[in-house]
Amino acid sequence: MKTYLTLLLLLICGTCSLAQDTRITGTIKTAKGVAIPNASIAVKNTFDGASSDSTGRFSFNTSEKGKQVITFSAIGFGADSLQADLAGGTHELKLVLDEKLTELDVVSITAGTFEAGDNKKNVVLNSLDVATTAGATADIFAALQTLPGTQTSFSENGLFVRGGAAAETKTFFDGMLVKSPFNTQVPDQASRGRFSPFLFKGTSFSAGAYSAQYGQALSSALVLESKDLAEKTTTGVSLLSAGLGLDHTQRFKNSSLAAETFYYNLRPAFTIIKQKTDWDKMPEQYGGTLNYKLNTSETGMFKAFAQLSRSVLSLYTSNLDDPAAKKYFDNDNKNVYLNSTYQEYLGSKWKLQGGVAYSSNHDEGLQSAENYTRTDRNLQGRVTVTNYTGSLSTIKAGVETMYTGRNEGLGGRSHKYHDQLSAAFAETDLFFTPKLVARLGLRTEYSSYMQLFNLAPRTSLGYKTGAHSQVSVAYGRFYQNPEDDYLILQPLDFEQADHYLANYQYMGNGRIFRAEAYYKNYDRLVKTGSTLPENTGDGYAKGIDLFWRDKKTLKNSDYWISYSFLDTRRNFRDYPISATPPFAAKHTMSVVYKKFIDKLQTQLSTTYTFASGRTYVNPNNAAYLADKTRAFNNLSLTASYLTHILRQFTVVYVAANNVPGFRNVYGYQYSANGQMRKAIGPPARRDLFIGLLMTLGDNTFVR
Amino acid sequence: MKTLKFTFTLLMITMAATVFAQGGKYETAMQKALASLDSAETSAGFIGTANQFERISAVAAKEWLPAYYAAYSNLLAGLVTADNRQKDQLLDKALLEIGQAETLSPDNSEIWTVKGYVQFMKMSIDPMSRMALMSAANTSLEKAKTLDPANPRPWFVQGQNTFYTPEAFGGGKKAAKTMLENAGAKYAAVKTTAALMPAWGEKRCLTLLSQCK
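Chain order of the listed sequences is Y and A.
In my numbering, each number is its position in the first sequence, counted from 1, plus 15.
In my numbering, each number is its position in the second sequence, counted from 1, plus 15.
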């Protein structure tokens, strides 16, 4: 019995492993020989292991014997394992681990493009930045005018980019071209964009050489990406000096539905702030939006968006030739915009995106005693397939087709035309190494109305020069249909532009610096004169854009500075010679500064904009477009006070435009004989806007 | 026959001893890791602790505690790391591990507490663009409270989050005070904590409370 007991004890002790251990020691380094601290090294399926020290050294004991698997991993690196034969004593290991590439280590295409999104790495502005930029009053297009490359536009709708006219910038909503992104143009006044910045999670603004995925823009593409499912159920109330709004968002398990309705009337504000404009009926607008999102699967997403609105206004404009007979302008606008997209991953290598969009924009009214009507209709379908071939490289290809139709009438006359524009594109982001990427793209379009094809190559090259810096160069050819006003008269040819640009970017530690030089060559621009329009115009634009943003240096503060130098001339429209157009200032600068003051629970934002003088046509000067206005200056202030009213989260918003009261002149209008002239300027020297935005039942600002 | 019976008994005992030894190893390893968690102060120290818990978690794959403590250690490592990029990496790992713990033990108040804590810290790296994580953090902590009303930790974490949130966004010392007092009372009411179970937060809670006055 005694022997048995001894045997038993021995057996148990045996399992307790009193036998001699193996000491595992060694180093863990990258392939380049850099020590990896805090890596975890272990004998697989046991508790035995250790972490490496700051020099990459480690050591631990294990009781395991024979062939064992040693696993090792570290944060920011991959994981690996190897086999070791453990037989007591000291076992020396020299481990090598590869660095895991994160988004930030990989070069990206930055030439021409300002990314702005909530979760992207090249973020320059996010949706809240747009909403809180002074002078922009939550208008996407106005906020983008604080970025380099853009002109400040005040008397004409649109984004004027690098010497391009407004029609050369196109807006895309989830990949679909938006035909009328702006409210109706009022004589000599820029209107706001139709879309709220809170609809979008990402904005990619390309000032040139944009992707082959998009077309029909000679200068610039603004790509807006709508938000996914709403986080939760909320209700919002907006009381503005210009109107009111009510919205409700309902969150379901796999979907969300948001409905919004708004009514704007500028009469109260315009009564208090004297307007130079001779209004007959001050602008009034009402409308609503519906926004539905559905997670169709773990990776699938369906989105549907609808916006309807109607606006009415009428005003008198002075008649320099006959001051007693003022000109009358009256407008009734009805706008419908529908957009529906679907995307899904097919396996791990393929992504499919599809969309359908419809828009209808109808204007009617009286212009100088004549009735006018104008209806634009658009229907677009688009399918894109993306293949993730390698770890980084991608190939994207797609087709789209778009119906555009316009009907217009003035007095008894009427015109109409329609075009079916079909396009196909392919583009690849080819990574030679994580530091070197080439984007090669090709786009082709066919217009049924003009019966013409075009072929547009696009290419860029990006190289990462350091941890935070990179350089890129890009070339691209761009085509667009001439504006509807010309096409309705007769079929023409595509207008074209070539972009060449070089870019340097530093981004890191809360700071961004960008410098970009560009040259654009325009050809086949539409010219009118005494004859019918023809594609005989041309021009060029060259310049330098600089951007600096710093969120780090000043506490609770954020500021950015943009500067653009632009040299451009063109011979188009009714120009008799090549000249610098009125929408192109030589020097443009914006300074935006934002600070959150904890004690006052207030965010202050200020924007200063400077633009050197613009050209205007003076009939008394033999040289065309040779006169220049005085320089433009504007200083705007916005204060957002965060508080609770009736225990509901509330933002009180005050925006003051042109606080110092700079006297700005956009240009001049002359009488037919050149004797009389009138300065075109803002309707009021200073402007004030007040709003109260309340979110019911939630402690964050939701819109 | 007798020999057979004996051999069988011997076999049973040996097997039981092996199982006991394995079980004991888990307890010992956990205790050792918890001790190093207690003494850790630097980012390297907390990552080392997280590594220990990860190794245990890889073996004791059915236990939620190792994954939970690995997440908690990475969270603390993130808190004492100044570099935002590394901080993000650590918190991402913590999120992954707390998700792992959640699959092993769904509807666990402690797990939802750490989840809410990590979400809040991820938000605080870039509050302007990560606003959505703020409500996600609150949802997690509210869930933790409902799952175990006696657990002081979700109250403490919520109090601490509120303490560091600007008043304008519904935070501030005043609002935090009530939550921390609630947490304090719940900490005081806890009589004994089972071995290896979470017991953190009381000291920090009292420190914050004293700063609220």
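No residue lacks a Cβ here, since even glycine has one placed at the ideal position from N, Cα and C.
Taking C-alpha atoms, which residue in Y/Y656, Y/A273, Y/Y432 lies nearest to Y/P506? Y/Y432
Residues of its chain near Y/G369, where Cβ-Cβ distance is below 6 Å and the 5 sequence neighbours each way are ignored: Y357, V398
The stretch 223-247 of chain Y: which residues have C-beta closer than 8 Å to a C-beta of chain A, in chain order? Hits within the stretch, in order: E246, K247.
Under 9 Å from the C-beta of A/P181: neighbouring residues of chain Y: Residues of chain Y passing the Cβ test: F611, D613, Q616, L657.
Just confirm the distance between the C-beta atoms of Y/L41 and Y/E114, as a whole number of angstroms; I'd bet it's less than 8 Å. Residue 41 of chain Y is actually Gly in this sequence, not Leu. Contact annotation, Y/G41 with Y/E114: C-beta distance approximately 19 Å; criterion of less than 8 Å not satisfied.
Which residue's Cα is closest to the Cα of Y/S333: Y/A439, Y/G491, Y/K291, Y/I90? Checking every option, the nearest Cα to that of Y/S333 belongs to Y/K291.
So which residues on chain Y does A/A210 lean against when the C-beta distance must stay under 8 Å? Those within 8 Å of A/A210 in chain Y number zero; the least Cβ separation is about 17 Å.
Taking C-beta to C-beta, are Y/P212 and Y/A284 nearer than 8 Å? no
Report the rounded CA-to-CA distance for Y/Q690 versus Y/Y683, giving the unit in angstroms. 12 Å
Which first and last residues belong to the alpha helix (DSSP H) in which Y/Q435 is found? Not the alpha helix (DSSP H): Y/Q435 falls in the beta strand (DSSP E), residues 428-448.
Per DSSP, cross-strand counterpart(s) of Y/Q200: Note: Y/Q200 sits in no beta bridge, so no partner.
Neighbour flag for Y/N310 against chain A, beta carbons, 8 Å: no
Could you round the C-beta distance between Y/N76 and Y/S66 to whole angstroms and report it? I think they count as a contact, below 8 Å. Wrong, their Cβ atoms sit about 15 Å apart, outside the cutoff.
Any C-beta of chain Y under 8 Å from that of A/A59: yes
Unbroken alpha helix (DSSP H) run spanning Y/Q382, endpoints: Taken as a continuous stretch (DSSP letters only), Y/Q382 belongs to no alpha helix (DSSP H), being part of the beta strand (DSSP E) at 365-382.
Run the CB neighbour count on Y/N269, radius 10 Å, all protein chains shown included, and call it buried at 16 or more, exposed below. exposed
Start-end ranges of the alpha helix (DSSP H) lying completely within the stretch 55-101 of chain A, minimum 4 residues: 58-74, 79-94
Select from Y/D347, Y/D538, Y/S74, Y/L470 the residue whose C-alpha is nearest the C-alpha of Y/Y9. No answer is possible for residue 9 of chain Y: it lies beyond the span of chain Y, which begins at 16 and ends at 718.
Opposite Y/S475 in the DSSP bridges: which residues? Y/R454, Y/A489
Using a Cβ distance threshold of 8 Å, determine whether the stretch 85-96 of chain A contacts the stretch 66-75 of chain A, with at least three qualifying pairs required. yes
Separation of Y/N348 from Y/E423, as counted between CA atoms: The straight-line gap from Cα to Cα measures roughly 14 Å.
For A/E42 and A/S51, the rounded distance between their alpha carbons: 14 Å
CB contact check: A/Q104 to chain Y, cutoff 8 Å: yes
Determine the burial state of Y/W575: buried for a count of at least 16 other Cβ atoms within 10 Å of its Cβ, exposed for fewer. With a threshold of 16 other beta carbon atoms within 10 Å, Y/W575 meets it and is buried.
Just the Cα atoms here: how many angstroms apart are Y/Q485 and Y/P338? 59 Å
One question on the structure: do Y/T658 and Y/Q616 come within less than 8 Å of each other, judged by their Cβ atoms? yes
At a Cβ threshold of 8 Å, is Y/F215 touching chain A? By this cut-off, Y/F215 is not an interface position.
Given A/Q134 as reference, the closest of A/S120, A/I113, A/A200 once Cα atoms are compared: A/I113
Please report the distance separating the alpha-carbon of A/N166 from that of A/K160. 7 Å
Hey, does Y/F562 have any beta-carbon neighbour from chain A nearer than 8 Å? no
What is the C-beta distance between Y/V84 and Y/K109, in whole angstroms, given that I count them as a contact (C-beta under 8 Å)? Actually they do not touch by this definition, with Cβ atoms about 17 Å apart.
Along chain A, which residues have their Cβ under 7 Å away from the Cβ of Y/P52? Chain A residues near Y/P52: A59.
Keeping to the same chain, check which residues put their C-beta closer than 6 Å to that of Y/A157; ignore five residues upstream and five downstream. Excluding residues up to 5 positions away in sequence, A151 lie with their Cβ nearer than 6 Å to the Cβ of Y/A157 in the same chain.
Distance check for Y/A232 and Y/D475, CA to CA, integer angstroms please. Note that residue 475 of chain Y is Ser in the sequence shown here, rather than Asp. One Cα belongs to Y/S475, the other to Y/A232, and the distance between them is close to 18 Å.
Helix, strand or coil for Y/R392 per DSSP? strand
Assuming Y/A512 and Y/S234 make a contact with CB atoms under 8 Å, what is their CB distance in whole Å? 7 Å
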